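A quick write-up on the structure given underneath.
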Amino acid sequence: MKTRMHPGNAVVAVILIVAALLPYFVLPAAWLGLATNILVFSLLGVAWNITGGFGGMMSFGHAVLFGSGAYATAMLQLHAGINPWLAALAAMAIAAGVGTFIGALSFRYGLRGSYFALITLAFAEVFRVLASSFAMTGGGQGLSLPLATGLANMQFASRLHNYTFVLLLVVAGLVITTLVQRSRFGAYLVAIRENEAAAQALGIDTFRVKVLAMALSGAIAGAAGVAYMQTFLFVDAQIGFGTVMSFEALLGPVIGGAGTVLGPVLGAVVLHTVGELAREAIGGAPGLNLVFYGLVLLVILRFLPNGLMGLFLGQRRRPATKEQA
Amino acid sequence: MLGLIIPVALNGLMTGAIYALVALGLTLIYGVLHIINFAHGSLLMLALYAVYFMHVLLGVDPYVAMPFLVLAFFALGYVLQRGIISTFSHGKESNILLVTLALSIIIDNLALYLWTSNTRSLNLPYAYEMIEVAGALLPLPRLIAFGAALVIALLLWLGMTRTRDGRAIRAIAVEKRGAELVGVNVKHVYALCFGIGTACLAAAACLLIPTFYVTPQVGYAFVLIAFTTVVLGGMGSFAGALVGGLLLGVVEALSGLFLGETLGQIGIFLVFILMLLFRPQGLFSARGVR
Amino acid sequence: MTQNSSDLTRVSSRGISRRRLLALGGSGLGAPGLARAQPAPVRIGAVGPLTGTLTYNGTQAQAGIRIAADIINAAGGIKSLDGARLEVVYADAESRPDVGAAQIDKLAGAGVSCIVGAQSSAITLATTQAAARFGIPHVVDIGTAPQLLQRGLSNVFRFTPGSGESVTLGVENLFSLNRAAGNPVKRIAIVHEDGPFGSGMAKTLAARLPGVGLEIVETISHPTPQRDFTTIALRLREARPDLIMPTQYINEFILFARALRQQRLSIRGIYSIFGGGASNPRFAREHKEAAQHIIDTNHWYDPRKPMSQALAQRCAAIGIDVSYDVMVAFGSMQVIADALEQAGSREREAVMATLARATFSDTIMPYGPIRFEKGQNSGARVVNTQIRDGVIELIYPAEFATATPVFPMPPRV
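Protein chains in written order, with my numbering: chain A, 1 to 325; chain B, 1001 to 1290; chain C, 2001 to 2413.
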């Protein structure tokens, strides 16, 4: 399928490349931690975008996939002594498996829309409670990886190397997204989003496509979980499966532009940068900077309903969307 | 342990009444507007602070404050829906969710800034009045809440079926365009629903405060279980929200007894997931609002 | 308000070169004419949960830190650095470890000489690790998890006791109180929240209590938040304990204490170790009946020391309760100031070396001599408090007590 890249995409790509390179040249070390966090959230957003953006399956519990990845890699390293790189791959596979399970279960029974959103939320909660209940998952105390820097251990003594590692993962995620967008699979996914019944009538195996999307999303979200684990060397049930991570997963793509390739990253970068600047500006008043963050969110929703990418791609309204029934 | 089943279940019923009250508003909002109102928990928190301050600053008892707060929060909900939620979301479902999420972030953190995170609670004299029922000691305020939940559910049902506005609401819930065509003012009705839903929260807050506490995060403790109740009972069904809430209260209490509180929370979510899979229309399947 | 980093590097380099100049010149050059300009302030980073679920602890600690800095500065600042004032840079961890760690980057960029924080083990694990990358000494005001000191990091200095030693002391004190009253208590029930805080505590208790002849008849865990405690109260009643030992956060503690009273449990005492509510002045004040005679083992200051009273007055003046977060944060700042004095330097390595080797002077806490051995303040100890008619009194050890213990609990009406 031939696609001409809209100039808007190129502009955003340039902006993001410049932003990504800042830590190497200009950015003070003080911002490196934030930059790495933004990348982890971007990766999670990229994962969400596959199902939620392209597929229209809004998940409110994507943390279940993220946390599965983080916990899996931690448990494999701690309890089975497996090499961190292998553990990471296995963790991604496990997260993909969880995604497949949830997808298969939900779609088998025809869940969609808000029902699907709620069930993902429920699964995230179940995993959260399970994770804090068993000694193997660290119980209430969570899991810590012992500090052992070195490439072989996927732990990076240099903050900048850590950043580069996660950056490469994000780039890989974007490449995958682009491949999906240009593939037949991606076209099917979008068709399902726009009108599932019509897609089925056209002969598309909607169940299979949707479950595959969940699997892919799971693998990428699992990678985000691995990235988090290797950066902070700590995860607990609240972090891994809590609502904060589920919200981070969807905020980036929706603000940036769901269903676009660069949307999730753009959204995550803008959101967290604005949040941080708000915090700096407002300083010591606890809570006010988050109020500001919420207001920015509202403003973007009001004036840029297709997300920030909508600005660049010259769209005022996206054609044929699910209107309020 | 077995001997505790009755008192635990009865107590669960009392807790469930609160869940029902919170869910009544949510089921109406979901049944008609088809939105998952993420601001529901934040609005409950706001209502709890309102009744708290009415007592601390003005000396008003929560039960006396209830009619005023119900009206005030109805107005608040109406304005929120008509003024902010509908305009800011352009009618797109995913955006509505995000608008309510943004609202909840704003409300939660404003509360944090204004009132700090210091836990506040009321020590009312009747909070320790216990009534003995079938061998169980039930707190008086909880029994009152139980009764109130029944009454409010009944009132809502009557309102839906006997009034003109109620019929309009039910019409829109089932067939929006058709209702529009026959002249129903959809915008007004949506705002009405949101207002009623928020008013229910005010009632729930007044009934809850004697036996609970308020902090800026208190909404989170109830939101997820309210959603579970709504799905269990059937989106749009008041009877469903009532029965669902009570049932969940009992399930939660009994799971806590037999599985331990931590795993007991799983009982709730299993119920939720199983309902979504096998009977998403809920116990009282209702197309629209009933 | 925080300055941006480029301003700060200019300021600190100016400060360093002047100090070197003075040092070269020796004390003879300490003439007022030369040292007329104010020395650059010493920056201390304070990281904690100012928003999110642990806000109360974070904001209380922040108040304690601010008051400490004010008092120290008013008394002349750090004398060995020519009266340099302490300037605190606050960072909000948003009750999340990843945010806390990112904030450390900011603090490092702001040129802090030392960091204090972070009111929760999960957050502190992340912040200490992040601080280690920059070589910044990190004084832990509250963070009870044993892992904090088990990672081989040399920049961690825990001012308060960890859970292990606190539980040991709590159990010993319980044993002493019990023995002094003729051993009315034999059966114990443990109620704990299932997070890192509660489960760690419960595990240690299970190991220690049998050793002093007390039998654990029931252990109940619950999540945070927990909306209703009636089931737990009923289970407890079935188990017939003499004494209940809760480890919870404040919200759950309020509901739990009320449920115990509502279900008319007859118990000889409620004895907590790091109880969330049992050392919360507001809880004591607002729930007199439910709170009466509850004993806690917690961080608490020595109320008889003049500086403690000064702190209490300052808190009253700004309308906040003197909770233990305020106290330990204040005490931590006192240690940091002392370390700066003794180090005579604001360089991170120098401060870290001093913290590791020196002994520190008195703080408001009822501690022995303060020395950090393998990161733990060996002089630290918890004490017992008891709520009496809405006021929190220190009851044990006797040398710091402001009231005699009431044990066992008299039957409740």
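Just so you know, even glycine gets a beta-carbon here, dropped at the ideal spot from N, CA and C. From a predicted model like this one, the values you see are computed outputs, not experimental measurements.
Item to check | Rounded straight-line distance, which links the Cα of Ala20 (chain A) to that of Leu39 (chain A) | outcome: Translated into positions along the first sequence, residue 39 (chain A) becomes position 39. Translated into positions along the first sequence, residue 20 (chain A) becomes position 20. In a straight line, the C-alpha of Leu39 (chain A) is about 9 Å away from that of Ala20 (chain A).
Next on the checklist: Tell me which residues share the same chain as Gly2033 (chain C) and place their Cβ nearer than 8 Å to its Cβ, disregarding the 5 neighbours each side in the sequence.
Outcome noted: For the purposes of this step, residue 2033 (chain C) is identified with residue 33 of the third sequence, where counting begins at 1. Here the model assigns Gly2033 (chain C) a pLDDT of 43, short of 50, so the residue's position is not dependable and the matter cannot be decided.
Item to check | Presumed contact (8 Å Cβ cut-off) between Gly1234 (chain B) and Leu1283 (chain B), rounded CB distance | outcome: Taking the first residue of the second sequence as 1, we reach residue 1234 (chain B) at position 234. Taking the first residue of the second sequence as 1, we reach residue 1283 (chain B) at position 283. The pair is a contact, with the Cβ atoms about 6 Å apart (cut-off 8 Å).
Next on the checklist: Let's see if you can read the secondary structure: which residues bound the beta strand (DSSP E) around Ile2387 (chain C)?
Outcome noted: Mapped onto the third sequence, residue 2387 (chain C) falls at position 387. Taken as a continuous stretch (DSSP letters only), the beta strand (DSSP E) holding Ile2387 (chain C) covers Val2383 to Arg2388.
Next on the checklist: Strictly under 7 Å for the Cβ-Cβ distance: is Gly2375 (chain C) near chain A by that measure?
Outcome noted: Here residue 2375 (chain C) refers to the residue found at position 375 when the third sequence is read from its first residue. Taking CB atoms only, Gly2375 (chain C) has no neighbour in chain A less than 7 Å away.
Next on the checklist: Are the CB atoms of Phe54 (chain A) and Gly267 (chain A) within a distance shorter than 7 Å?
Outcome noted: By one-based count along the first sequence, residue 267 (chain A) stands at place 267. By one-based count along the first sequence, residue 54 (chain A) stands at place 54. The answer is no: Cβ separation not under 7 Å.
Item to check | DSSP state of Ala1136 (chain B) mapped onto helix, strand, coil | outcome: On the second sequence, residue 1136 (chain B) is found 136 positions in, with the first residue counted as 1. Reduced to three states, the DSSP call for Ala1136 (chain B) is strand.
Next on the checklist: Strictly under 7 Å for the Cβ-Cβ distance: is Pro1280 (chain B) near chain A by that measure?
Outcome noted: Mapped onto the second sequence, residue 1280 (chain B) falls at position 280. Yes, its Cβ sits closer than 7 Å to a Cβ of chain A.
Checklist entry - Closest by CA to Ile1131 (chain B), which one among B:Pro1125, B:Asn1123, B:Leu1143 and B:Leu1124? => result Translated into the one-based positions of the second sequence, residue 1131 (chain B) becomes position 131. Nearest C-alpha to Ile1131 (chain B) among B:Pro1125, B:Asn1123, B:Leu1143 and B:Leu1124: B:Leu1143.
Next on the checklist: Once DSSP output is grouped into helix, strand and coil, what is the label at Thr149 (chain A)?
Outcome noted: To locate residue 149 (chain A), count along the first sequence from 1; it is residue 149. Looking at Thr149 (chain A) - three-state DSSP - the assignment turns out to be coil, as it is neither helix nor strand.
Item to check | Residue span of the alpha helix (DSSP H) that contains Cys2327 (chain C), given as start and end | outcome: Locating residue 2327 (chain C) in the third sequence gives position 327, where the first residue counts as 1. A small fix is needed here, since residue 2327 (chain C) is Met in this sequence, not Cys. Taken as a continuous stretch (DSSP letters only), the alpha helix (DSSP H) holding Met2327 (chain C) covers Tyr2324 to Ala2343.
Next on the checklist: Just to confirm my understanding: we take Phe123 (chain A), look at its own chain, exclude 5 residues before and 5 after, and list those with CB closer than 6 Å. What are they?
Outcome noted: As a working note, residue 123 (chain A) is residue 123 in the first sequence. Excluding residues within five positions, the ones whose Cβ falls inside 6 Å are Gly61, Val64 and Ile102.
Item to check | Neighbourhood of Thr2168 (chain C) by C-beta, 7 Å cutoff - its chain only, sequence neighbours within 5 removed | outcome: Taking the third sequence and counting its residues from 1, the one referred to as residue 2168 (chain C) is at position 168. Only Arg2208 meet the Cβ criterion.
Item to check | Own chain residues within Cβ distance below 6 Å of Val1214 (chain B), not counting five before or after | outcome: Locating residue 1214 (chain B) in the second sequence gives position 214, counting from the first residue. Cβ within range, chain order: Leu1048, Tyr1049, Tyr1052 and Arg1120.
Checklist entry - Are there 16 or more other CB atoms within 10 angstroms of the CB of Thr1198 (chain B), so buried, or fewer, so exposed? => result The count along the second sequence starts at 1 and reaches residue 1198 (chain B) at position 198. Flag for Thr1198 (chain B) reads buried.
Next on the checklist: Just to confirm before moving on: does the CB-CB distance between His2138 (chain C) and Ile2123 (chain C) stay below 7 Å?
Outcome noted: Taking the third sequence and counting its residues from 1, the one referred to as residue 2138 (chain C) is at position 138. Taking the third sequence and counting its residues from 1, the one referred to as residue 2123 (chain C) is at position 123. In this structure, His2138 (chain C) lies away from Ile2123 (chain C), with their beta-carbon atoms at least 7 Å apart.
Checklist entry - To the nearest angstrom, how far is it from the Cα of Gly8 (chain A) to the Cα of Leu311 (chain A)? => result Within the first sequence, numbered from 1, the residue matching residue 8 (chain A) stands at position 8. Within the first sequence, numbered from 1, the residue matching residue 311 (chain A) stands at position 311. Their backbone Cα atoms lie some 8 Å apart in a straight line.
Checklist entry - Can the beta-carbon of Ser1089 (chain B) be found closer than 7 Å to that of Val1079 (chain B)? => result One-based indexing of the second sequence puts residue 1089 (chain B) at position 89. One-based indexing of the second sequence puts residue 1079 (chain B) at position 79. The answer is no: Cβ separation not under 7 Å.
Next on the checklist: Just to check my reading of the structure: Ala1239 (chain B) and Ala1153 (chain B) have Cβ atoms closer than 8 Å, yes? What is that Cβ distance to the nearest angstrom?
Outcome noted: Position 239 of the second sequence, counted from the start, is the residue given in the question as residue 1239 (chain B). Position 153 of the second sequence, counted from the start, is the residue given in the question as residue 1153 (chain B). Contact flag correct, Cβ pair sits at about 7 Å.
Item to check | Opposing strand residues paired with Lys2186 (chain C) [DSSP bridges] | outcome: For the purposes of this step, residue 2186 (chain C) is identified with residue 186 of the third sequence, where counting begins at 1. Looking at the DSSP assignment, Lys2186 (chain C) forms no beta bridge with any residue, so it has no partner.
Item to check | Partners in chain C for Asn1011 (chain B), counting only beta-carbon separations shorter than 9 Å | outcome: Working through the second sequence from its first residue, we reach residue 1011 (chain B) at position 11. Here the neighbours are Asp2228, Thr2230, Thr2231 and Leu2234.
Checklist entry - Contact check, Gly1195 (chain B) vs Ala1020 (chain B) under 8 Å by CB: the rounded distance? => result Locating residue 1195 (chain B) in the second sequence gives position 195, counting from the first residue. Locating residue 1020 (chain B) in the second sequence gives position 20, counting from the first residue. Actually they are not in contact, since the Cβ atoms of Gly1195 (chain B) and Ala1020 (chain B) sit about 19 Å apart, beyond 8 Å.
Checklist entry - Of the choices C:Met2409, C:Gly2111 and C:Leu2340, whose alpha-carbon is the least far from that of Gly1989 (chain C)? => result There is simply no residue 1989 (chain C) to check, as chain C begins at 2001 and stops at 2413 in what is shown.
Checklist entry - Considering Ser2272 (chain C), what are the terminal residues of the alpha helix (DSSP H) in which it resides? => result Sequence index remark: in the third sequence, residue 2272 (chain C) carries index 272 (1-based). Element bounds for Ser2272 (chain C): not the alpha helix (DSSP H) but the beta strand (DSSP E), Gly2269 to Ile2273.
Checklist entry - How about Tyr1019 (chain B): is its C-beta nearer than 7 Å to some C-beta of chain A? => result For the purposes of this step, residue 1019 (chain B) is taken as the residue at position 19 of the second sequence. Under the Cβ criterion of 7 Å, Tyr1019 (chain B) is not counted among the residues facing chain A.
Next on the checklist: Using the three-state DSSP reduction, which class does Arg2346 (chain C) fall into: helix, strand or coil?
Outcome noted: Sequence index remark: in the third sequence, residue 2346 (chain C) carries index 346 (1-based). DSSP places Arg2346 (chain C) in coil when its eight states are reduced to three.
Checklist entry - From the beta carbon of Pro2405 (chain C), is the nearest beta carbon of chain B less than 7 Å away? => result If you number the third sequence from 1, residue 2405 (chain C) lands on position 405. No, because no Cβ of chain B sits closer than 7 Å to the Cβ of Pro2405 (chain C).
Checklist entry - Can you find a C-beta in chain A that's less than 7 Å from the C-beta of Ala2102 (chain C)? => result Here the question's residue 2102 (chain C) lines up with position 102 in the third sequence. Yes, contact with chain A.
Checklist entry - What residues in the stretch 135-154 of chain A bring their beta carbon closer than 8 Å to a beta carbon of chain B? => result None of the residues of the stretch 135-154 of chain A has a beta carbon lying less than 8 Å from any beta carbon of chain B.
Next on the checklist: Taking the alpha helix (DSSP H) that Tyr2090 (chain C) belongs to, which residues open and close that run?
Outcome noted: What you label residue 2090 (chain C) is simply residue 90 of the third sequence in a count that begins at 1. Residue range Leu2086 to Asp2092 is occupied by the beta strand (DSSP E) that includes Tyr2090 (chain C), with no alpha helix (DSSP H) assigned at that position.
Checklist entry - Which two residues bound the contiguous beta strand (DSSP E) that contains Ile1952 (chain C)? => result Residue 1952 (chain C) is absent from the structure shown; chain C starts at 2001 and stops at 2413.
Checklist entry - Going by DSSP, what residues sit across from Asp2296 (chain C) in a beta bridge? => result Translated into the one-based positions of the third sequence, residue 2296 (chain C) becomes position 296. Beta-bridge pairing links Asp2296 (chain C) to C:Ser2272 and C:Thr2385.
Item to check | Straight-line gap, Gly1041 (chain B) to Ser1104 (chain B) (C-alpha atoms, nearest Å) | outcome: Translated into positions along the second sequence, residue 1041 (chain B) becomes position 41. Translated into positions along the second sequence, residue 1104 (chain B) becomes position 104. Inter-residue distance for Gly1041 (chain B) and Ser1104 (chain B) is about 8 Å (C-alpha atoms, whole angstroms).
Checklist entry - Hey, is the stretch 240-255 of chain A in contact with the stretch 79-91 of chain A, meaning 3+ C-beta pairs nearer than 8 Å? => result Short answer: they don't touch.
Item to check | Supposed close pair Ala1148 (chain B), Ala1203 (chain B) - CB separation, criterion 8 Å | outcome: Position 148 of the second sequence holds residue 1148 (chain B). Position 203 of the second sequence holds residue 1203 (chain B). About 7 Å separates the beta carbon of Ala1148 (chain B) from that of Ala1203 (chain B), a gap short enough to meet the 8 Å contact definition.
Checklist entry - Based on the DSSP secondary-structure assignment, which residues constitute the bridge partners of Arg2043 (chain C)? => result Numbered from 1 along the third sequence, position 43 holds the residue referred to as residue 2043 (chain C). Its beta-bridge partners are C:Glu2087.
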